[in-house]
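Numbering (the working numbering), first residue to last: 1 to 219.
Glycine included, C-beta positions come from ideal geometry on N, C-alpha and C.
In this text, all values refer to a predicted model and were calculated from it rather than measured experimentally.
Take a look at the structure below.
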Amino acid sequence: MAKLLNDSNIPFIVQRMNVQDIPQVMAIEKDSFLTPWPATAYRHELVQNENSHYFVARKREAPRTSQKDSWLEQCLRKLKPHRPPVLGYSGFWILGEEAHISTIAVRPNYRGRGIGELLLSTMIELACALKTTIITLEVRVSNRVAQNLYAKYRFEKTGRRRRYYRDNNEDALSMSTPPLDDPLFVESYRRNLAALYTRLLVANSKGEKHGSYQIRAQL
């Protein structure tokens with residue numbers, strides 16, 4: 001199913017986050033969370049934490065026609081490749097046999113276009129490839145939108161962590177998938193991914209923009 005996530009017909013692409021992405025990630029972070037992580041935290045995750053996996057979503061660029069570019073333009077592009085702006089990001093940690101989602105956020109004016117779900121699907125794909133057994137996370141009790149997305153992907157509530165968020169002492173819900181090799185989970189994931197793929201294709205062909213659906217979670 002991973003090939004659906006990389007299909008050139010969908011309007012967004014998910015790539016590994018690198019250090020050069022941090023300034024744009026921080027701009028989204030500050031727009032999304034009351035207590036944003038510092039840039040040093042992301043640098044640590046990317047450079048020093050071997051058990052972390054972080055991603056960014058970008059708008060997919062149309063293929064360039066090299067004949068239209070001058071020799072100088074081609075040389076400059078090789079020296080400093082153009083990278084479309086970061087539209088969203090996500091990450092998880094490997095904790096033993098468990099994958100724990102640490103964060104997911106989307107640029108405010110791009111929410112509602114399936115980017116958050118695309119990032120979540122990418123993490124599920126990699127967690128499965130890394131042979132983890134389950135995926136876990138924490139989410140604010142007030143964040144119904146994020147909870148609904150996770151429930152769609154068969155995350156279930158497993159507990160409540162009191163006063164987990166220090167900015168306002170809000171509780172967090174702990175959520176977990178079933179075992180990733182559970183046939184019902186696998187079939188549900190395949191259906192969700194196929195539906196997401198179709199949605200992104202339609203959005204790409206029609207220039208669709210959904211206004212109400214938002215992925216905004218500090219997990």
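Going by beta carbons, Phe155 and Ser188 fall outside the 8 Å limit. For Tyr165, DSSP records a beta bridge to Glu170.
For the pair Val25 and Gly88, the Cα-to-Cα distance works out to about 8 Å. The continuous stretches of beta strand (DSSP E) do not include Glu61, and DSSP gives it neither H nor E. Using a C-beta cut-off of 8 Å, the region 111-118 makes contact with the region 5-19, since at least three inter-stretch Cβ pairs fall below that distance.
Setting aside the 5 residues that flank it on each side, Ile134 is surrounded in the same chain by Glu98, Ser176, Thr177, Pro179 and Leu180, each with a C-beta closer than 7 Å to its C-beta; the list follows chain order.
Under a 10 Å Cβ-count criterion, Arg190 is classified as exposed, with fewer than 16 other Cβ atoms of the shown protein chains found around its own Cβ. Using a 10 angstroms sphere on the CB of His44, the tally of other CB atoms stays under 16, which defines it as exposed.
Approximately 5 Å separates the beta-carbon atoms of Ala146 and Val139; this is inside 8 Å, confirming the contact.
DSSP places Arg190 within a helical segment (H, G or I) once states are collapsed to three.
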